[in-house]
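Chemist:
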Amino acid sequence: MSEIYHEASKPHERLMFNVAIFHFFVPAILFGTRNLWLIFSLSLLGSLIMIGSIAYKAHNSKDQTALVQAHWKLAWKRSLYLLGAYLVAAVIFGVGSFLLQAQADESMRFIQRSVLGWFALVPLSLTLIALIVLEGSALVQSRKGVMPSEMKL
């Protein structure tokens, strides 16, 4: 694999690393703490840092070849899907939590908030599945020197 193709695969490797580490590995390790805010905050913070690094490279890769620039921009565009999923999940949970304030029974509110949390994670889960498929394909094609505009998936 040539050096240019290797450089073109780095943005997709970084996004896949983000998905694997901050959405599967870190929550699995922290699950034993039973502190949900720690699980969510560390995963979200780490993911946002990784997305920020992708955005930085996408906007500051002027000295790279057109192939490498295009792949950084593609990874940034797909990172925006992940940010959108975070936003949708936060809105679902926020609106649901606001509506649950009317529930008088505290134990029932806890149960409903737990169910609401699962529903809020659905858009994020679907986005993660799509990103794994899309980035896996992009990773293989970038290592072959395929421009994003010519990709099959």
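Quick note: the sequence shown uses our numbering, first residue 3, plus one each step. All C-beta atoms in this analysis are idealised placements derived from N, C-alpha and C, irrespective of residue type, glycine included. As the structure is a prediction and not an experimental result, all values here were calculated from the model.
(1) Quick one, which of Pro29, Leu50, Ser49 has its alpha-carbon nearest Leu40's?
(2) Please determine if the segment 137-146 and the segment 10-19 are in contact, where contact requires at least 3 C-beta pairs separated by less than 8 Å.
(3) Tell me, to the nearest whole angstrom, how far the beta carbon of Tyr7 is from that of Lys146; I am working on the premise that it is less than 8 Å.
(4) Around the Cβ of Trp120, are there at least 16 other Cβ atoms within 10 angstroms (buried) or fewer (exposed)?
(5) So, is Met110 buried or exposed, given that buried needs 16 or more other C-beta atoms within 10 angstroms?
(6) Taking its Cβ as the centre, do 16 or more other Cβ atoms sit within 10 Å of Phe112, making it buried, or is it exposed?
(7) Would you report the Cα separation of Ala22 and Val135, rounded to the nearest angstrom?
(8) When you compare each of Leu84, Phe33, Gln103 to Met52 by their alpha carbons, which one comes out closest?
(9) Count the other CB atoms, across all protein chains shown, that sit within 10 Å of the CB of Val168; report buried if there are 16 or more and exposed otherwise.
(10) May I ask which residues mark the beginning and end of the alpha helix (DSSP H) holding Arg145?
(11) The alpha helix (DSSP H) with Met149 in it runs from where to where?
(12) What residues in its chain sit with their C-beta under 7 Å from that of Val90, if we drop five residues either side in the sequence?
(13) Roughly how many angstroms lie between the CA atoms of Phe100 and Ala92, to the nearest whole one?
(14) Is the beta carbon of Leu118 closer than 7 Å to that of Gly98?
(15) What is the DSSP secondary structure of Thr67, counted as helix, strand or coil?
Modeler: A quick look at the data gives this:
(1) Pro29
(2) yes
(3) Indeed, because the Cβ distance is near 7 Å, the residues count as touching under 8 Å.
(4) exposed
(5) Counting Cβ neighbours within 10 Å, Met110 comes out exposed, since fewer than 16 surround it.
(6) So Phe112 counts as exposed.
(7) 13 Å
(8) It is Leu84 whose Cα lies nearest to the Cα of Met52.
(9) Any answer about residue 168 is impossible in this case: the structure gives the chain only from 3 up to 155.
(10) Element bounds for Arg145: n/a, residue is neither H nor E.
(11) Met149 -> no alpha helix (DSSP H), and no H or E assigned at all.
(12) Apart from the 5 residues on each side of it in sequence, Val90 sits with its Cβ closer than 7 Å to the Cβ of Pro125 in its chain, given in chain order.
(13) Straight-line Cα distance between these residues: approximately 12 Å.
(14) yes
(15) coil
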